[in-house]
Amino acid sequence: MSAARLPVALIGAGGIGRPHAERMLRHPDVSLAGIADPTPAGRAFAESIGVPWFAGHAELLDRVRPGAALVATPNSSHASIGLDCISRGLPVLMEKPVTDTLDAAERLCAGAEAAGVPLLVGHQRRHSVRVRTARAWVAEGRIGRPVAAHAMATWLKPDDYFQMAWRREPGGGPVLINLIHDIDILRHLLGEVAQVQAVTSNAVRGFAVEDTAAVLLRFASGALATLMTSDATPSPWNYDMGAGELERFPQQDADAIYVCGTEGSLSLPRLDLWRYPGARGWADPLAVQREAPLRADPYDEQFRHFRAVVDGREAPLCSGRDAMGTLRTALAVHDAARTGAPVAV
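Encoded structure:
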(Lines of atoms letter the chains of each structure in order from A and count residues from 1; the text may use other names and numbers.)
(Lines give C-alpha, C1' and ligand atoms only; values in the text may rest on other atoms or scores of the structure.)
Protein backbone atom coordinates (compact mmCIF):
# COMPACT_ATOMS: atom_id res chain seq x y z
CA MET A 1 0.00 0.00 0.00
CA SER A 2 1.18 3.50 -0.77
CA ALA A 3 2.07 5.56 2.30
CA ALA A 4 -0.19 8.36 1.09
CA ARG A 5 -3.72 8.43 2.45
CA LEU A 6 -6.51 7.91 -0.08
CA PRO A 7 -8.32 11.25 -0.64
CA VAL A 8 -12.07 10.64 -0.36
CA ALA A 9 -14.80 13.08 -1.36
CA LEU A 10 -17.71 13.19 1.08
CA ILE A 11 -21.06 13.81 -0.60
CA GLY A 12 -23.62 14.66 2.06
CA ALA A 13 -22.72 16.12 5.46
CA GLY A 14 -25.83 15.23 7.45
CA GLY A 15 -26.38 12.97 10.43
CA ILE A 16 -24.15 10.15 9.15
CA GLY A 17 -21.88 12.18 6.87
CA ARG A 18 -20.41 14.24 9.68
CA PRO A 19 -19.21 11.27 11.75
CA HIS A 20 -17.63 9.90 8.56
CA ALA A 21 -15.86 13.22 8.00
CA GLU A 22 -14.54 13.32 11.56
CA ARG A 23 -13.13 9.83 11.22
CA MET A 24 -11.47 10.59 7.89
CA LEU A 25 -9.68 13.55 9.44
CA ARG A 26 -7.76 11.20 11.74
CA HIS A 27 -7.75 7.90 9.84
CA PRO A 28 -4.35 6.54 8.71
CA ASP A 29 -5.63 5.12 5.40
CA VAL A 30 -7.98 7.80 4.07
CA SER A 31 -8.24 11.58 4.11
CA LEU A 32 -11.12 13.99 3.58
CA ALA A 33 -10.65 15.65 0.19
CA GLY A 34 -13.73 17.89 0.38
CA ILE A 35 -17.43 18.06 1.12
CA ALA A 36 -20.42 18.53 -1.18
CA ASP A 37 -23.61 19.55 0.63
CA PRO A 38 -26.03 22.27 -0.53
CA THR A 39 -27.17 23.29 2.95
CA PRO A 40 -25.82 26.23 4.98
CA ALA A 41 -25.13 23.77 7.78
CA GLY A 42 -23.04 21.63 5.43
CA ARG A 43 -21.02 24.63 4.33
CA ALA A 44 -20.48 25.77 7.91
CA PHE A 45 -19.32 22.30 8.90
CA ALA A 46 -16.80 22.12 6.03
CA GLU A 47 -15.43 25.54 6.94
CA SER A 48 -15.19 24.58 10.61
CA ILE A 49 -12.89 21.66 9.82
CA GLY A 50 -10.96 23.44 7.08
CA VAL A 51 -11.83 21.37 4.00
CA PRO A 52 -13.10 22.54 0.59
CA TRP A 53 -16.88 22.91 0.31
CA PHE A 54 -19.09 22.72 -2.77
CA ALA A 55 -22.84 22.95 -3.13
CA GLY A 56 -22.92 20.23 -5.80
CA HIS A 57 -21.10 16.93 -5.98
CA ALA A 58 -20.09 17.28 -9.65
CA GLU A 59 -18.11 20.43 -8.93
CA LEU A 60 -16.39 18.74 -6.00
CA LEU A 61 -15.43 15.71 -8.08
CA ASP A 62 -14.21 17.73 -11.07
CA ARG A 63 -12.27 20.39 -9.20
CA VAL A 64 -10.77 18.38 -6.35
CA ARG A 65 -10.28 15.12 -8.29
CA PRO A 66 -10.32 12.75 -5.30
CA GLY A 67 -9.31 9.10 -5.35
CA ALA A 68 -12.70 7.81 -4.17
CA ALA A 69 -16.10 8.98 -2.96
CA LEU A 70 -18.35 8.33 0.01
CA VAL A 71 -22.03 9.01 -0.65
CA ALA A 72 -24.12 9.85 2.43
CA THR A 73 -27.15 11.55 0.90
CA PRO A 74 -30.90 10.69 1.09
CA ASN A 75 -31.64 7.22 -0.26
CA SER A 76 -33.42 8.36 -3.42
CA SER A 77 -30.27 10.13 -4.67
CA HIS A 78 -27.86 7.22 -4.21
CA ALA A 79 -28.08 5.81 -7.73
CA SER A 80 -27.66 9.07 -9.64
CA ILE A 81 -24.80 10.35 -7.50
CA GLY A 82 -23.12 6.96 -7.42
CA LEU A 83 -23.22 6.69 -11.20
CA ASP A 84 -21.75 10.19 -11.51
CA CYS A 85 -18.82 9.06 -9.37
CA ILE A 86 -18.43 5.81 -11.30
CA SER A 87 -18.44 7.67 -14.63
CA ARG A 88 -15.32 9.44 -13.38
CA GLY A 89 -13.68 6.14 -12.46
CA LEU A 90 -14.04 6.69 -8.72
CA PRO A 91 -14.52 3.79 -6.28
CA VAL A 92 -17.64 4.39 -4.19
CA LEU A 93 -18.51 3.65 -0.58
CA MET A 94 -22.29 4.05 -0.53
CA GLU A 95 -24.16 4.54 2.71
CA LYS A 96 -26.88 1.94 3.22
CA PRO A 97 -29.27 1.14 1.71
CA VAL A 98 -27.50 0.79 -1.61
CA THR A 99 -30.43 2.68 -3.24
CA ASP A 100 -34.14 3.13 -2.59
CA THR A 101 -35.42 0.72 -5.27
CA LEU A 102 -34.22 -2.51 -6.86
CA ASP A 103 -34.30 -0.99 -10.34
CA ALA A 104 -32.03 1.82 -9.22
CA ALA A 105 -29.74 -0.65 -7.45
CA GLU A 106 -29.48 -2.71 -10.64
CA ARG A 107 -28.49 0.38 -12.65
CA LEU A 108 -25.89 1.34 -10.08
CA CYS A 109 -24.39 -2.15 -9.75
CA ALA A 110 -24.37 -2.69 -13.52
CA GLY A 111 -22.66 0.67 -14.02
CA ALA A 112 -19.94 -0.18 -11.52
CA GLU A 113 -19.39 -3.62 -13.07
CA ALA A 114 -19.19 -2.19 -16.60
CA ALA A 115 -16.66 0.41 -15.48
CA GLY A 116 -14.65 -2.03 -13.38
CA VAL A 117 -15.01 0.29 -10.38
CA PRO A 118 -15.45 -1.01 -6.80
CA LEU A 119 -18.85 -0.33 -5.23
CA LEU A 120 -19.05 -1.00 -1.49
CA VAL A 121 -22.07 -0.47 0.73
CA GLY A 122 -21.86 0.78 4.30
CA HIS A 123 -23.41 -2.02 6.29
CA GLN A 124 -20.77 -1.20 8.86
CA ARG A 125 -21.78 -3.81 11.42
CA ARG A 126 -20.23 -6.49 9.21
CA HIS A 127 -16.91 -4.89 10.14
CA SER A 128 -17.54 -5.23 13.88
CA VAL A 129 -15.26 -7.72 15.61
CA ARG A 130 -18.38 -8.96 17.42
CA VAL A 131 -20.21 -9.80 14.21
CA ARG A 132 -17.07 -11.29 12.65
CA THR A 133 -16.70 -13.55 15.68
CA ALA A 134 -20.36 -14.60 15.57
CA ARG A 135 -20.07 -15.39 11.87
CA ALA A 136 -16.99 -17.52 12.54
CA TRP A 137 -18.81 -19.40 15.30
CA VAL A 138 -21.74 -20.18 13.00
CA ALA A 139 -19.39 -21.27 10.20
CA GLU A 140 -17.44 -23.50 12.60
CA GLY A 141 -20.64 -25.23 13.67
CA ARG A 142 -20.50 -24.11 17.31
CA ILE A 143 -24.27 -23.65 17.39
CA GLY A 144 -24.95 -26.53 15.01
CA ARG A 145 -27.59 -26.00 12.35
CA PRO A 146 -29.29 -22.59 12.78
CA VAL A 147 -33.01 -23.01 13.31
CA ALA A 148 -34.34 -19.67 14.60
CA ALA A 149 -33.36 -16.08 15.32
CA HIS A 150 -34.80 -12.91 16.79
CA ALA A 151 -33.69 -9.30 16.37
CA MET A 152 -34.87 -6.02 17.89
CA ALA A 153 -34.17 -2.46 16.74
CA THR A 154 -36.15 -0.36 19.20
CA TRP A 155 -35.36 3.15 20.46
CA LEU A 156 -36.76 6.65 20.79
CA LYS A 157 -35.81 9.16 18.12
CA PRO A 158 -36.19 12.79 19.25
CA ASP A 159 -38.75 15.04 17.61
CA ASP A 160 -36.12 17.18 15.86
CA TYR A 161 -34.89 14.06 14.01
CA PHE A 162 -38.00 14.36 11.85
CA GLN A 163 -37.43 17.96 10.80
CA MET A 164 -35.93 16.59 7.59
CA ALA A 165 -38.96 15.86 5.44
CA TRP A 166 -37.62 12.67 3.82
CA ARG A 167 -37.57 10.96 7.23
CA ARG A 168 -41.35 11.38 7.44
CA GLU A 169 -42.02 9.91 4.00
CA PRO A 170 -41.98 6.33 2.63
CA GLY A 171 -38.41 5.09 2.54
CA GLY A 172 -37.46 7.13 5.58
CA GLY A 173 -38.88 4.96 8.35
CA PRO A 174 -37.15 2.55 10.73
CA VAL A 175 -37.41 -0.43 8.36
CA LEU A 176 -35.03 1.07 5.77
CA ILE A 177 -33.03 3.22 8.20
CA ASN A 178 -32.61 0.87 11.18
CA LEU A 179 -34.00 -2.64 10.77
CA ILE A 180 -32.14 -3.05 7.48
CA HIS A 181 -28.95 -3.38 9.56
CA ASP A 182 -30.41 -6.30 11.50
CA ILE A 183 -31.72 -7.89 8.31
CA ASP A 184 -28.20 -7.60 6.91
CA ILE A 185 -26.61 -9.21 9.97
CA LEU A 186 -29.04 -12.13 9.81
CA ARG A 187 -28.34 -12.59 6.08
CA HIS A 188 -24.61 -12.41 6.86
CA LEU A 189 -24.98 -15.14 9.52
CA LEU A 190 -27.74 -17.36 8.13
CA GLY A 191 -27.77 -16.93 4.34
CA GLU A 192 -30.43 -15.78 1.93
CA VAL A 193 -34.04 -15.01 2.82
CA ALA A 194 -36.72 -16.89 0.87
CA GLN A 195 -39.95 -15.36 2.22
CA VAL A 196 -41.16 -12.36 4.23
CA GLN A 197 -44.31 -11.67 6.21
CA ALA A 198 -44.86 -8.35 8.01
CA VAL A 199 -47.18 -5.81 9.58
CA THR A 200 -46.38 -2.12 10.10
CA SER A 201 -48.00 0.73 12.01
CA ASN A 202 -47.80 4.53 12.06
CA ALA A 203 -50.16 4.85 15.01
CA VAL A 204 -47.77 6.83 17.24
CA ARG A 205 -46.61 9.64 14.97
CA GLY A 206 -49.10 9.40 12.13
CA PHE A 207 -46.49 10.07 9.45
CA ALA A 208 -46.78 8.62 5.96
CA VAL A 209 -44.05 6.16 6.94
CA GLU A 210 -44.16 3.47 9.64
CA ASP A 211 -42.89 4.02 13.16
CA THR A 212 -43.23 0.34 14.16
CA ALA A 213 -42.95 -2.99 12.33
CA ALA A 214 -43.06 -6.71 13.12
CA VAL A 215 -41.47 -9.10 10.61
CA LEU A 216 -41.17 -12.84 10.02
CA LEU A 217 -38.42 -14.18 7.76
CA ARG A 218 -38.05 -17.67 6.31
CA PHE A 219 -34.50 -18.39 5.16
CA ALA A 220 -33.62 -20.66 2.26
CA SER A 221 -32.07 -23.04 4.81
CA GLY A 222 -35.42 -23.42 6.55
CA ALA A 223 -34.44 -21.29 9.56
CA LEU A 224 -37.00 -18.74 10.77
CA ALA A 225 -36.49 -15.28 12.27
CA THR A 226 -38.70 -12.71 13.93
CA LEU A 227 -37.74 -9.02 13.91
CA MET A 228 -39.23 -6.00 15.62
CA THR A 229 -38.48 -2.32 15.14
CA SER A 230 -39.87 0.91 16.52
CA ASP A 231 -38.37 4.37 16.75
CA ALA A 232 -41.06 5.55 19.17
CA THR A 233 -40.14 3.78 22.42
CA PRO A 234 -37.52 4.27 25.16
CA SER A 235 -35.62 0.99 24.88
CA PRO A 236 -32.10 -0.46 25.23
CA TRP A 237 -32.85 -3.32 22.83
CA ASN A 238 -30.89 -2.39 19.74
CA TYR A 239 -27.46 -3.44 18.56
CA ASP A 240 -25.78 -0.02 18.68
CA MET A 241 -26.61 0.71 22.32
CA GLY A 242 -25.59 -2.76 23.42
CA ALA A 243 -22.31 -2.76 21.49
CA GLY A 244 -20.97 0.58 22.70
CA GLU A 245 -18.95 0.82 19.48
CA LEU A 246 -20.25 4.28 18.53
CA GLU A 247 -19.70 7.25 20.80
CA ARG A 248 -23.02 8.87 19.90
CA PHE A 249 -24.96 6.12 21.75
CA PRO A 250 -24.65 5.47 25.50
CA GLN A 251 -23.83 1.82 26.07
CA GLN A 252 -26.47 -0.38 27.70
CA ASP A 253 -25.96 -3.89 29.05
CA ALA A 254 -28.45 -5.51 26.72
CA ASP A 255 -28.55 -7.83 23.74
CA ALA A 256 -30.63 -7.29 20.63
CA ILE A 257 -29.98 -10.29 18.34
CA TYR A 258 -30.40 -13.97 19.23
CA VAL A 259 -29.45 -16.91 16.98
CA CYS A 260 -30.50 -20.43 17.98
CA GLY A 261 -29.05 -23.67 16.59
CA THR A 262 -29.25 -27.39 17.20
CA GLU A 263 -26.02 -27.42 19.28
CA GLY A 264 -26.15 -24.01 20.95
CA SER A 265 -27.25 -20.40 20.75
CA LEU A 266 -25.54 -17.02 20.64
CA SER A 267 -26.52 -13.45 21.33
CA LEU A 268 -25.27 -10.11 20.08
CA PRO A 269 -23.78 -7.68 20.78
CA ARG A 270 -22.63 -9.09 24.15
CA LEU A 271 -21.50 -12.20 22.28
CA ASP A 272 -22.69 -14.90 24.66
CA LEU A 273 -22.46 -18.53 23.50
CA TRP A 274 -24.80 -20.97 25.27
CA ARG A 275 -24.19 -24.75 25.05
CA TYR A 276 -24.68 -27.90 27.10
CA PRO A 277 -21.39 -28.97 28.75
CA GLY A 278 -22.74 -32.48 29.34
CA ALA A 279 -26.15 -34.08 29.05
CA ARG A 280 -28.47 -32.38 26.57
CA GLY A 281 -32.08 -31.65 27.37
CA TRP A 282 -34.27 -28.90 28.72
CA ALA A 283 -33.81 -30.10 32.31
CA ASP A 284 -30.00 -30.07 32.03
CA PRO A 285 -27.85 -27.03 32.91
CA LEU A 286 -26.49 -24.80 30.17
CA ALA A 287 -23.09 -23.10 30.29
CA VAL A 288 -22.34 -19.69 28.82
CA GLN A 289 -19.12 -18.50 27.22
CA ARG A 290 -18.88 -14.72 27.26
CA GLU A 291 -16.19 -12.97 25.27
CA ALA A 292 -14.19 -10.08 26.72
CA PRO A 293 -15.54 -6.64 25.76
CA LEU A 294 -14.83 -5.91 22.11
CA ARG A 295 -15.22 -2.21 21.33
CA ALA A 296 -13.31 -1.54 18.09
CA ASP A 297 -14.98 1.09 15.89
CA PRO A 298 -16.57 -0.65 12.85
CA TYR A 299 -16.51 2.60 10.85
CA ASP A 300 -12.74 2.85 11.25
CA GLU A 301 -12.40 -0.76 10.09
CA GLN A 302 -14.72 -0.02 7.17
CA PHE A 303 -12.41 2.77 6.00
CA ARG A 304 -9.38 0.49 6.31
CA HIS A 305 -11.20 -2.12 4.25
CA PHE A 306 -12.33 0.45 1.66
CA ARG A 307 -8.72 1.49 1.11
CA ALA A 308 -7.65 -2.15 0.82
CA VAL A 309 -10.36 -2.81 -1.80
CA VAL A 310 -9.34 0.27 -3.78
CA ASP A 311 -5.73 -0.96 -3.68
CA GLY A 312 -6.82 -4.42 -4.88
CA ARG A 313 -5.71 -6.19 -1.70
CA GLU A 314 -9.13 -7.30 -0.48
CA ALA A 315 -12.50 -8.22 -1.98
CA PRO A 316 -15.52 -6.18 -0.85
CA LEU A 317 -17.08 -7.47 2.35
CA CYS A 318 -20.39 -5.93 1.27
CA SER A 319 -20.56 -5.30 -2.47
CA GLY A 320 -23.39 -3.55 -4.24
CA ARG A 321 -24.81 -6.89 -5.37
CA ASP A 322 -24.65 -8.31 -1.86
CA ALA A 323 -26.37 -5.22 -0.47
CA MET A 324 -29.13 -5.68 -3.06
CA GLY A 325 -30.09 -8.88 -1.23
CA THR A 326 -30.55 -6.92 1.99
CA LEU A 327 -32.48 -4.16 0.18
CA ARG A 328 -34.68 -6.75 -1.55
CA THR A 329 -35.61 -8.23 1.84
CA ALA A 330 -36.25 -4.82 3.43
CA LEU A 331 -38.48 -3.74 0.54
CA ALA A 332 -40.34 -7.05 0.82
CA VAL A 333 -41.22 -6.05 4.39
CA HIS A 334 -43.15 -3.08 3.02
CA ASP A 335 -44.73 -5.19 0.27
CA ALA A 336 -45.85 -7.83 2.77
CA ALA A 337 -47.27 -5.23 5.14
CA ARG A 338 -49.15 -3.52 2.32
CA THR A 339 -50.65 -6.68 0.86
CA GLY A 340 -51.09 -8.71 4.05
CA ALA A 341 -49.66 -11.74 2.22
CA PRO A 342 -46.30 -13.55 2.30
CA VAL A 343 -43.80 -12.18 -0.22
CA ALA A 344 -41.22 -14.40 -1.92
CA VAL A 345 -37.74 -12.90 -2.00
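According to numbering that gives the first Met the number 0, the sequence shown is numbered sequentially starting from 0. Even for Gly, the Cβ is constructed at its ideal location relative to N, Cα and C. A quick note: this is a predicted structure, and the numbers were derived from the prediction, not measured.
- Tell me where the alpha helix (DSSP H) around C108 begins and ends. L101 to A114
- Kindly indicate the opening and closing residues of the alpha helix (DSSP H) around V137. V128 to E139
- How many Å lie between A57 and H180 at the Cα? 30 Å
- Quick one: what does DSSP say E209 is sitting in, helix, strand or coil? coil
- Sufficient close CB pairs (3 or more, under 8 Å) joining the region 53 to 71 to the region 127 to 145: no
- Message: 8 Å is my cut-off, CB to CB: does H333 come that close to chain D?
- Response: Protein chains in the displayed structure number just one, and chain D is not present.
- Task: Any chance you could list the beta strand (DSSP E) runs of at least 3 consecutive residues sitting entirely within the region 200 to 275, in chain order?
- Result: 211 to 218, 223 to 229, 256 to 260, 264 to 267 and 271 to 274
- Integer-rounded CB distance, given that L82 should sit under 8 Å from G121: Their Cβ separation, rounded to whole angstroms, is 17 Å, which puts G121 and L82 out of contact at 8 Å.
- Message: Would the region 113 to 120 count as touching the region 71 to 91 if we require 3 or more Cβ pairs under 8 Å?
- Response: yes
- Touch test, the region 15 to 22 against the region 306 to 320, Cβ-Cβ under 8 Å, three pairs minimum: no
- Item | Ordered list of alpha helix (DSSP H) runs contained in the region 36 to 72, each at least 4 residues | 39 to 48 and 56 to 63
- Leaving out five residues on either side along the sequence, give the residues of the same chain with a beta carbon under 6 Å from the beta carbon of A152. N177, L178, D181, T228 and N237
- Distance, T261 Cα to I34 Cα: 50 Å
- Item | Residues that E94 bridges to, as DSSP identifies them | G121
- Query: If you compare alpha carbons, which of L226, A40, L59 and Q194 is closest to V7?
  - Reply: L59
- Item | Identified DSSP bridge partners for G324 | Bridge partners of G324: none, in fact.
- Query: Since Q194 contacts A295 with CB under 8 Å, what's their CB separation in whole angstroms?
  - Reply: Actually they do not touch by this definition, with Cβ atoms about 35 Å apart.
- Kindly indicate which three-state DSSP category L5 falls into: helix, strand or coil? strand
- For D36, is the classification buried or exposed, using 16 other Cβ atoms within 10 angstroms of its Cβ as the cut-off for buried? buried
- Task: Please work out which residues of its chain come closer than 8 Å, Cβ to Cβ, to L101, disregarding the five sequence neighbours upstream and downstream, and give them in chain order.
- Result: M323, L326, R327 and L330
- Item | Three-way DSSP call (helix, strand, coil) for V342 in this model | strand
- Are D354 and W154 touching if we call contact CB-CB under 8 Å? Outside the shown range of the chain (0 to 344) lies residue 354, about which nothing can therefore be said.
- Item | Closest Cα partner of R167 within the set E290, N201 and D183 | N201
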